[in-house]
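Asks:
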Amino acid sequence: MRRAICPGSFDPLHLGHCAVIHRAARLFDEVIVAVSTNPNKTHRFSEDTRIKLVREVFAHEPAVVVEPLASGLIADYAERREAVALIKGLRNSADYDYELPMATMNRSLTGVETVFLPGEPSLLHVSSSLVMEVAALGGDVASFVPDPVLRAIERR
């Protein structure tokens, strides 16, 4: 089985994330969406809520598994889960510049490769922080997030 990991905080999950995960599921037998919690970051949704939302969105995608990403190195996690690749979506050259050193380090630590997937052109402007900022200011984010996420944002 060729397994890949798509790590991220998904705070919240948006359609750009979904597009990358769906594409990865066509390339690999299994894609683990590893939901992380960065202690240096203020999360809008709890880890449990983020996991629940991602699971709900991908409930009908048998190749997608959602689990929490425990603390530690993603390279070690990938090795424990016998993953051959990490999946990273890129919106622009700044994303590439940020991700490349990590990809190189992960490969040197455990041999895990990183696969970069270009973002969906119509969603290149979408980020989790921008979605939440627009929503907080009363803007309509329905065209940027899956329905379960929209409902969770509206409940906040």
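Under my numbering, the first residue of the sequence shown is numbered 7, with each subsequent residue one higher. Ideal placement from N, C-alpha and C gives every residue a C-beta, glycine not left out.
#1: Return the first residue and the last residue of the beta strand (DSSP E) that Pro74 is part of.
#2: To the nearest angstrom, how far is it from the Cα of Val151 to the Cα of Tyr102?
#3: With a cut-off of 8 Å on the beta carbons, I'd call Val70 and Val37 a contact; round off their distance for me.
#4: With distance defined between alpha-carbon atoms, name the residue in Ala109, Thr110, Ile93, Glu126 nearest to Ala10.
#5: Quick test of your reading: Thr116 and Ala76, contact by CB under 8 Å. State the CB separation rounded to the nearest angstrom.
#6: What is the C-beta distance between Ala158 and Thr48, in whole angstroms, given that I count them as a contact (C-beta under 8 Å)?
#7: Would you mind sorting Ser128 into buried or exposed? The rule is 16 or more other CB atoms within 10 Å of its CB.
#8: Take the Cβ of Arg78 as the centre, count every other Cβ of all protein chains shown within 10 Å, and call the residue buried at 16 or more, exposed below.
#9: Can you name, in chain order, every residue of its own chain whose Cβ lies under 6 Å from the Cβ of Leu50, other than the five neighbours on each side?
#10: From Leu130, Ala31, Leu96, Val90, pick the residue whose C-alpha is nearest to that of Glu67; which is it?
#11: Could you pull the start and end residues of the alpha helix (DSSP H) that Thr120 belongs to?
#12: DSSP on Arg9, reduced to helix/strand/coil?
#13: In the DSSP assignment, what are the bridge partners of Leu92?
#14: Please go through the same chain and pick out, in chain order, the residues whose beta-carbon is closer than 7 Å to the beta-carbon of Asn44, but skip the five residues on each side of it.
#15: Since I believe Gly95 is in contact with Leu123 (beta carbons under 8 Å), could you give me their beta-carbon distance rounded to a whole number of angstroms?
Replies: The relevant details are as follows:
#1: 70-74
#2: 23 Å
#3: 5 Å
#4: Ile93
#5: Not confirmed; about 16 Å, so no contact.
#6: 17 Å between Cβ atoms; not a contact.
#7: exposed
#8: What sits at residue 78 in the sequence shown is Gly, not Arg. With fewer than 16 other Cβ atoms within 10 Å, it is exposed.
#9: Before going on, a small fix: residue 50 reads as Arg here, not Leu. Once the five neighbours on either side are set aside, the close Cβ partners of Arg50 are Asp17, Met138.
#10: It is Ala31 whose Cα lies nearest to the Cα of Glu67.
#11: Note, Thr120: premise wrong, no alpha helix (DSSP H); beta strand (DSSP E) at 119-124.
#12: For Arg9, the secondary structure class from DSSP, reduced to helix, strand or coil, is strand.
#13: Ile11, Thr120
#14: Ser15
#15: 5 Å
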